[in-house]
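Read the structure below first, then the notes.
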Amino acid sequence: MEGLYYMEDIQMYYEENLKGKTQDQIMIEIEQLKKEMDDLKYFCERNQGNRSIDMPEIINKIKKTRECLKLAKQAYVDAGGVYILSEMTDEERRYIITPFGEKNDFVYCPSKDEKKALYFDDNIEHISSIEYTTKSILSNRNTGCGVNLTNGLEAYRIVDRYELIDDEFKTSKVKEDFILYNDKDNTPYTKEEFLKELKELYIGEWLTYYTPGMFNFIVCDGSSWGLRIGFNNNQNYIAFHGDNFWPYNFDDFLKLINKNHSKPQIVVNNKLLR
């Protein structure tokens, strides 16, 4: 029933805010929706760890706002405007804006942030690798995990290895392969299923860098993280970084790549205990 109510909310939004509106009115609605979504993301990211806030509810609002935004962009097109919904070259954009040597006031080209999101969405099927690393600032301890998609779906994680040698534990890092399981039915992910869920995270909307200063905080320790996504179609890789702060839905990303299931290896007398 939740899905039904969700669709009814979206339809109600269309009837009340978009149906029969002019291009100018719809464009104002588009800008308001974009600001609302940005404000909701900022609120989530600034209040990470605050258990008094119902984060899932706010993240659900972000999802609904995004769907309303998609509807508004389509309504703008239906009203006779041109809203560029994919990456374009400067020459292609120039042709649309000035087809007869005159500027078309009803052509909307994506902003820098929208172009970044479109770039990711347009190339998601060409992702060849995902590498995630995290580092403790005080202990200098770092771990990581990743996914290779060149030949199907191959997951791995970098774990600590503690080996007892001459009555003394030596530490090292080892790469450990594992299988990514779909929590919905506890079956191994296929490449297609994995990319479908990855697309639903809208990673292209993330900021490039997250720092305490963005939210007027000062943090002297904690952890830093990095994420690098490569492609197999000659597109440039994209990267994200952060210190003590993360995108609003980062927990969903960590769950998808099984980062939280990492455990250290213990080796005694050449026997792996864990």
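Residue numbers for the sequence shown follow numbering that gives the first Met the number 0, beginning at 0 and rising by one. Don't be surprised by glycine CBs; every beta carbon is placed ideally from N, CA and C. Here the structure is a predicted model, which means the values were calculated and not measured.
Start and end of the alpha helix (DSSP H) containing residue i?
i, result
"Val116", "According to the sequence as given, residue 116 is Ala; it is not Val. Where Ala116 is concerned, the enclosing alpha helix (DSSP H) stretches over 111-122."
"Leu17", "Leu17 -> no alpha helix (DSSP H), and no H or E assigned at all."
"Glu196", "190-198"
"Asp250", "249-255"
Under 8 Å by Cβ, that's how I've got residue i and residue j pegged, so tell me the actual separation to the nearest angstrom.
i, j, result
"Met26", "Tyr131", "Incorrect: roughly 38 Å between the Cβ atoms, too far for contact."
"Pro246", "Tyr209", "7 Å"
"Gly221", "Asp242", "7 Å"
"Leu39", "Lys60", "6 Å"
"Gly229", "Ser128", "4 Å"
"Lys224", "Thr133", "The sequence shown places Trp at residue 224, not Lys. Yes, they are in contact, since the Cβ atoms of Trp224 and Thr133 sit about 4 Å apart, within 8 Å."
"Ile126", "Leu148", "6 Å"
"Leu255", "Leu194", "Their Cβ separation, rounded to whole angstroms, is 11 Å, which puts Leu255 and Leu194 out of contact at 8 Å."
"Lys190", "Gly151", "5 Å"
"Lys174", "Tyr155", "5 Å"
"Phe214", "Glu44", "7 Å"
"Gly203", "Asp120", "6 Å"
"Ile29", "Lys72", "6 Å"
"Leu200", "Asn248", "6 Å"
At what residues does the beta strand (DSSP E) containing residue i begin and finish?
i, result
"Thr142", "141-147"
"Asp242", "237-242"
"Leu226", "222-230"
Kindly identify the DSSP beta-bridge partner or partners of residue i.
i, result
"Glu175", "Arg156"
"Ser127", "Ser127 is not bridged to any residue."
"Tyr75", "Note: Tyr75 sits in no beta bridge, so no partner."
"Lys169", "Glu162"
"Thr186", "Asn181"
"Tyr107", "Tyr82"
"Lys134", "Asn141, Ser223"
"Tyr209", "Gly241"
Is there a Cβ of chain D sitting closer than 8 Å to that of residue i, yes or no?
i, result
"Leu197", "Protein chains in the displayed structure number just one, and chain D is not present."
Margin query: Is it the case that the segment 112-125 contacts the segment 56-72, given that we only count it when at least three CB pairs across the two stretches are under 8 Å?
Written below: no
Margin query: Report the start-end ranges of each alpha helix (DSSP H) in the segment 23-64 that is 4 residues or longer and not cut off at the edges.
Written below: none
Check: Looking at C-beta atoms only, is the number of pairs between the segment 76-84 and the segment 45-57 that lie closer than 8 Å three or more?
Finding: no
Check: Can you find at least 3 beta carbon pairs, one from the segment 177-187 and one from the segment 7-18, that sit closer than 8 Å?
Finding: no
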